[in-house]
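Chains as they are written, first to last, in our numbering: chain X, 1 to 406; chain Y, 1001 to 1406; chain P, 2001 to 2406; chain U, 3001 to 3406.
Protein chains: 4
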Amino acid sequence: MSKIDKVVLAYSGGLDTSVIVRWLQDTYGCEVVTFTADIGQGEEVEPARAKAEALGVKEIYIDDLREEFVRDFVFPMFRANTIYEGEYLLGTSIARPLIAKRLIEIANETGADAISHGATGKGNDQVRFELGAYALKPGIQVIAPWREWDLNSREKLMQYCEQHKIPVDFSNKKKKSPYSMDANLLHISYEGGVLEEPWAEAEEDMWRWSVSPEAAPDKPTYITLQYENGDPVAIDGERLSPATLLEKLNKLGGANGIGRLDIVENRYVGMKSRGCYETPGGTILLKAHRAIESITLDREVAHLKDELMPRYAKLIYNGYWWSPEREMLQAAIDQSQSVVNGEVRLKLYKGSVSAVGRRSEDSLFDEKIATFEDDAGAYDQKDAEGFIKLNALRLRIAAGKGRDLI
Amino acid sequence: MSKIDKVVLAYSGGLDTSVIVRWLQDTYGCEVVTFTADIGQGEEVEPARAKAEALGVKEIYIDDLREEFVRDFVFPMFRANTIYEGEYLLGTSIARPLIAKRLIEIANETGADAISHGATGKGNDQVRFELGAYALKPGIQVIAPWREWDLNSREKLMQYCEQHKIPVDFSNKKKKSPYSMDANLLHISYEGGVLEEPWAEAEEDMWRWSVSPEAAPDKPTYITLQYENGDPVAIDGERLSPATLLEKLNKLGGANGIGRLDIVENRYVGMKSRGCYETPGGTILLKAHRAIESITLDREVAHLKDELMPRYAKLIYNGYWWSPEREMLQAAIDQSQSVVNGEVRLKLYKGSVSAVGRRSEDSLFDEKIATFEDDAGAYDQKDAEGFIKLNALRLRIAAGKGRDLI
Amino acid sequence: MSKIDKVVLAYSGGLDTSVIVRWLQDTYGCEVVTFTADIGQGEEVEPARAKAEALGVKEIYIDDLREEFVRDFVFPMFRANTIYEGEYLLGTSIARPLIAKRLIEIANETGADAISHGATGKGNDQVRFELGAYALKPGIQVIAPWREWDLNSREKLMQYCEQHKIPVDFSNKKKKSPYSMDANLLHISYEGGVLEEPWAEAEEDMWRWSVSPEAAPDKPTYITLQYENGDPVAIDGERLSPATLLEKLNKLGGANGIGRLDIVENRYVGMKSRGCYETPGGTILLKAHRAIESITLDREVAHLKDELMPRYAKLIYNGYWWSPEREMLQAAIDQSQSVVNGEVRLKLYKGSVSAVGRRSEDSLFDEKIATFEDDAGAYDQKDAEGFIKLNALRLRIAAGKGRDLI
Amino acid sequence: MSKIDKVVLAYSGGLDTSVIVRWLQDTYGCEVVTFTADIGQGEEVEPARAKAEALGVKEIYIDDLREEFVRDFVFPMFRANTIYEGEYLLGTSIARPLIAKRLIEIANETGADAISHGATGKGNDQVRFELGAYALKPGIQVIAPWREWDLNSREKLMQYCEQHKIPVDFSNKKKKSPYSMDANLLHISYEGGVLEEPWAEAEEDMWRWSVSPEAAPDKPTYITLQYENGDPVAIDGERLSPATLLEKLNKLGGANGIGRLDIVENRYVGMKSRGCYETPGGTILLKAHRAIESITLDREVAHLKDELMPRYAKLIYNGYWWSPEREMLQAAIDQSQSVVNGEVRLKLYKGSVSAVGRRSEDSLFDEKIATFEDDAGAYDQKDAEGFIKLNALRLRIAAGKGRDLI
């Protein structure tokens, strides 16, 4: 590694990344640029400014990226009905490429030669940040303090704070939680603590965004979601910006106990890990998108999307948002969405979301053909015989030659 | 078609198939063998005997196929976490190959040269019955009365009954429902009636197997499901036969409002169709199987299964259970399941099923490595740098050559 | 079927389709519009005019579709390195959607209510014509005489000619071959005759487009093919139109004994069939396209293309060119091709084509990194350790838990 | 890394690995066990014994692994018609897991705590050796000298020999080639030298196993290959062991100029690399296996295999032979092969191999159905209409609703 003059740090304003500021200054003798983003994590970002200033940072970036996050990352991902390992809605994964992109943009603006982040060496996030950074600026250097330093316990971090006179209120004592958490407009996640025992049930007071189904209202909430080109644009007839729409869905879902998930997942770095997630709005969006697609997408297009989806989800989970193969898949997915328009009516009730109605100008549902009643010749039942006979031909030939299936 | 002497009919004892008995006798001048199976549809099958006798049938088969159904069809399918179009648990589809197999076995035993069924020419079931039959006995002839006759309304059927003196109590008047229904141990389905309008919500009194989430108990039910080789074998420590286990899960799920589904699906014959389903036990099984796999399966095996699943689901939906390609996929799926052993703890509550704990002698979850605490060197965080650097190499080279991802 | 007033027939001018003209006139009492296309089959199309006139046809379409064929069908297909069942370059399959499209355009222009073609009821071509037609004009009617009439032998056809005074020189006696042949700019195919015995070797005098490797020149021919956006645009520096380029490659390949193929393939209608093919230019194009992609495409994009290709090939083989799923796949394929620019040097010699050199402004081949010599730090070999260690982690954990791979 | 007492080295007897013996002894102060395998590389392995002894090695393993190599690695791989990136027959890749397995077996027998190999830090082979080793013995340590030492040029190696009195005739001067080569029963490969410029044609005198097509006999050679369960068992009626059979095919292929390949491939470590390969026998086997499958495999099984193949090839290329996902795929592939029996007749001529005939007791080719002549009702052409109509239904509905494909 050549000498580093200036580094852009993804800075939350919390204890860990505040320590990193000082550690970077001391270890690399370099200038630190901080970057703090509002991606809907639910905390004020402006206070990060004073903290950074107190640490001697001169170039401070504080951005509201909520609309960009939902419009350019969350919505494109939901066009594919994306789920990792059958369960996980990729709430953390999808935010990382946006951070990586912004880190590189700021490095370009400020002439920095490195970026840094507070992700550990065991997790997926380091991979997502760094793959993105390298893909967007191949000569960039990356400093991952958690892989370099020996401050690998809370005690050592606190000691470091004292030694370096980093104000301890940076440590957000009030919020101190036994869990490692991550939040953005799409979800909040919990890892660590008692969750490290996969047999142990998560405690009720861990969950922050949703009431328990037990505590949800006794009456269902009905909403209508409107789609254009595969993206939701309105709730109950009210057009909303992407971030506002997702925020509102989070409220509606959370109030009805929707979107809790408790899984063991496979990390890209090779280990299994227990995680709990709350994704109220995302859970609704997945259900709604499938419902609007169910009447507007061609069957084979829908099936092709289903077969490509696990691979697309894996790309995002593993940190390859910024890759030509993700863009190639996205081209296919997006190509399919121009007909995905219409409305879905949803019932939210005590932890469940159901699609109870769907309609569209672009509907391919043909009541005249599908009906159990007389269809006036729209469909000739006799066609089915030839259809079956020829689909069976290869099976009949094989059976006739003695091939045995049982 | 050559002359038909004897035909085996899948006979429910209801109005439609009773008409078919007489129509076959009259139209083909052939002997009719009836076959009635208990696959858990929840109706007595023995009464079919007297009805068949009254219609002059001499060879009457009445079989209890519940254990075979769950053991050899439902469980193998759930090993793949099978879902069609992201939602449907294939309750109807998976029963058809068993019926087809039994029809052919009976044809072989009785020397029949044809089989017959009461499925319409618009649906998937005709395809499933007939593909199975042709695959198992290539020279068999198939009579599908609904594609041949002109009795295409209830009135004409009733008229036919009168003309041919078929007792009208065959028509099960009490049960007359506005929906076309199908049931077996895995599910009950509803089509037709008001459901033909996809925007219309299903009426509450349509559902038969589950209480509404609203009406479910206010306290959650916890159960522990034990797996061996990918199949569930015990509930709360009590070993149960496949059918008994599924039956119990249906009760547990139904009582907690679990397993309702309302979708528009794509039929193999080319049209979209609205269907509502109740699959209480199956919904629990899907969640539980994913949970036990989450700690026992290798990551890449799990991902491979996820990528193959949509194709496997489509094969079953389209009627290709009895095909060499399904058997080839099954070989891969089954090969992965010998390690899928252990226990899953589940919470059932007002329409939702959540996995809250999982444990196994075969667990690959390694708390020593996954921990957020000091791992005593079990994992070297510095390895991550090389991992990321080489995974990024192709991206860095491309970016260095000016390829632009944004 | 409702009454038919006017039908557009894909008319070759040969015996079979001439009989069809008269048979349509007689059987349906309708007007026949003939459509004859030059797609490079190597026969004059203009003579079809007089023949059609002689049969009383008033609206006669004769089109030169060679450029459209290569530009809009052959080239897009080769962007995917398309091969069916590992061997077949889809020469027949890819011409059919163009014919179907033109039949429908002419039906629209002439106000015809039906189309007709001379493909038999056993083959793939009927499916390709008709799926295309239905997809482009859903209300169109299709008349497939070979599925309807009983003129199913040469003798009956000749007899029909006599009865209906169809000039027998329509039967192209000179060219009478024991094989059923099809030709266009991409290939010529042979079926039937002795080929119906898959153990019998094709006779040397069957092949028409290529010399035998034995008869090819003793010195290799070298050519350089230039690509832009995934399509070939020049040979040895000479820019050529798509059709001209393919024509020239056919000559070069044919002269060097390149592109013969003898296979048993699986038809969509369910049977296996023996076919022999000559695809001289296409064989060269496949090799060249892979070679130019090998230095310009990202690895994961290339692999994704390889995994999608069999499905894409199957779509084309089965007749689904005009389908939303083919267009979705095409979007992904085309998205990958903007970087596929550069030159490939090829050696043609006695039946073989080899890529011996490739270069491109868009090359991702990085000699500084790939070199066996000192790379001046372009690649840090120590990165490989972490890369391997983390890729092995899941395997090490599993082995540590006693999982056995041997 | 803990202290190493004994290391098993994959030892060729050449200069590089001889230097490694001494370097390991000096650097780690450990005992070295050498392992030299005959996998058909065409060099005597016995001389390695004296060289190892001269270096003070006490435990020397020299194994003839040729039969195991072909039977348990090459043949299973060819059952899948495996090709990497459309061209490469994986000759190097498939030998590595066998070496890894044997290294671990010897480590277990000798109580060694580490293995070592002579692969560089830039290539795929280090990955293949090490992934295999970790997967089979998770606690094993790996020493990869090329990633650790600074002897990264021929001069430094020679200097090291002098300093450490390693006899310089170990360097195989006679064979000194400008290329980096690797050979085994399946192939010989060439990298480096002028090949590092992808535009430069490989020189004729580089190739060692095959005559040039120009120099091949003017008359074709015909052979018949017999298959059982997907593996070749006899040539021209003579049953041969796996290794003997492949050896003979190499001679036949090489004599006819078959199996040369010149490509740029994508390495797992992220770079593109030029390689030339001679795989005479393997090229024949690929053609022959596809041919025997073409008449014995069900269509959908064949297509499923084709879709899975690229992923299977990638696993082997990347070093994941010893992985549960490869074994899962192998289970599917092997399940399909019990019917792959019969004979293929092949023509070898001046660089080309063609299948000219194929026959089998298990053939699904049905001449009665496929025939262009009268089939006596074996196939009802009228079935095709219904087949096409229903396959077109979704397309017709979409077109009827105004969806536009052009």
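Ideal Cβ placement from N, Cα and C applies to all residues, glycine included. Keep in mind the model is a prediction, meaning the values are calculated, not measured.
Taking the CB atoms as reference points, tell me whether E3293(U) and G3230(U) lie closer together than 9 Å. The beta carbons of E3293(U) and G3230(U) sit closer together than 9 Å.
Against chain P: residues of the region 315 to 326 of chain X by CB proximity under 7 Å: In summary, the residues of the region 315 to 326 of chain X whose CB is separated from some CB of chain P by less than 7 Å are S323, P324, E325, in the order they occur in the chain.
Compute the beta-carbon to beta-carbon distance between E3228(U) and N3341(U), rounded to the nearest angstrom, for a pair I have assumed lies under 8 Å. 5 Å
Chain Y contacts from the region 3378 to 3399 of chain U (Cβ-Cβ distance under 9 Å): Of all residues in the region 3378 to 3399 of chain U, the ones placed with a Cβ closer than 9 Å to any Cβ belonging to chain Y are K3389, L3390, N3391, A3392, L3393, R3394, L3395, R3396, I3397, in chain order.
Please identify, using Cβ separations under 8 Å, the residues of the region 3334 to 3365 of chain U that lie next to chain X, in order along the chain. V3339, D3362, S3363, L3364
Is any non-hydrogen atom of the ligand SAH found closer than 8 Å to the C-beta of E1105(Y), if you look at the structure I gave you? With respect to small molecules bound, the structure shown includes none, and the ligand SAH cannot be examined in it.
Tell me which residues of the region 3274 to 3301 of chain U have at least one Cβ-Cβ distance to chain X shorter than 8 Å, keeping chain order. D3298, R3299, E3300
Can you tell me which residues form a DSSP beta bridge with E3385(U)? DSSP lists no partner for E3385(U).
With 9 Å as the threshold, decide whether the Cβ of K2272(P) is near any Cβ in chain Y. no
Partners in chain X for K3401(U), counting only beta-carbon separations shorter than 7 Å: Neighbours of K3401(U) on chain X, chain order: L364.
Once DSSP output is grouped into helix, strand and coil, what is the label at N2250(P)? N2250(P): helix per DSSP, three-state reduction.
Which residues in the same chain as A3216(U) place their Cβ atom closer than 6 Å to its Cβ, once the five residues preceding and following it in sequence are excluded? Closer than 6 Å at the Cβ level, and outside the excluded window around A3216(U), lie N3256, G3257, K3350.
Chain U contact for N1081(Y) (CB, 9 Å cutoff): No - not a single Cβ of chain U is within 9 Å of the one on N1081(Y).
Taking DSSP's pairing of strands, which residues face V3007(U) in a bridge? V3032(U), A3114(U)
Could you tell me whether any Cβ in chain Y is nearer than 9 Å to the Cβ of I20(X)? no
For D383(X) versus I3397(U), is the C-beta spacing smaller than 9 Å? no
Y3011(U) at chain P interface by Cβ criterion, 9 Å: Interface annotation, Y3011(U): not in contact with chain P, CB-CB separation never under 9 Å.
Determine, for I182(X), whether the minimum Cβ-Cβ distance to residues of chain Y falls below 9 Å. In the sequence under discussion, the amino acid at residue 182(X) is Asp, which differs from the Ile named in the question. False, the Cβ-Cβ gap to chain Y never drops below 9 Å.
Candidates E2085(P), V2007(P), Q2126(P), E2046(P): closest to I3295(U) by CA position: E2085(P)
If you run the structure through DSSP and keep just helix, strand and coil, what is M2181(P)? In the three-state scheme derived from DSSP, where H, G and I count as helix and E and B as strand, M2181(P) is classed as strand.
With distances taken Cα to Cα, identify the nearest neighbour of P310(X) among Y1312(Y), L1304(Y), L1315(Y). L1304(Y)
Have a look at the DSSP bridge pairing and note the partners of K2272(P). N2266(P)
Check whether the region 3187 to 3196 of chain U and the region 3267 to 3278 of chain U are in contact - that is, three or more C-beta pairs closer than 8 Å. Because the criterion of three Cβ pairs below 8 Å is met, the region 3187 to 3196 of chain U and the region 3267 to 3278 of chain U touch.
Can you name, in chain order, every residue of its own chain whose Cβ lies under 8 Å from the Cβ of D2375(P), other than the five neighbours on each side? K2368, I2369
May I ask you to report which of helix, strand or coil DSSP gives L2225(P)? Three-state result, L2225(P): strand.
Kindly indicate which three-state DSSP category D380(X) falls into: helix, strand or coil? Here D380(X) sits in coil by DSSP.
Whole angstroms are fine: how far does the CA of F1078(Y) sit from the CA of L1285(Y)? 7 Å
Residue span of the beta strand (DSSP E) that contains K1347(Y), given as start and end: K1347(Y): member of the beta strand (DSSP E) spanning 1342 to 1349, first to last residue.
For G132(X), which three-state DSSP category applies? Residue state for G132(X) is assigned as helix, using DSSP reduced to three classes.
Residues of its chain near A2392(P), where Cβ-Cβ distance is below 7 Å and the 5 sequence neighbours each way are ignored: Once the five neighbours on either side are set aside, A2392(P) has no close Cβ partner at all.
Could you check what DSSP says for A355(X) in three-state terms: helix, strand or coil? strand
Please state if the CB of K3058(U) and the CB of V3019(U) are separated by a distance shorter than 9 Å. no
Could you check what DSSP says for L2089(P) in three-state terms: helix, strand or coil? coil
Spatial neighbours of G3402(U) in its chain, beta-carbon cut-off 8 Å, leaving aside the 5 residues before and after: Here the set comprises nothing.
What residues are listed by DSSP as bridge partners for Y2084(P)? Y2088(P)
According to a CB-to-CB cut-off of less than 8 Å, which residues of the region 3100 to 3127 of chain U neighbour chain P? K3101, T3120, G3121, K3122, Q3126, V3127
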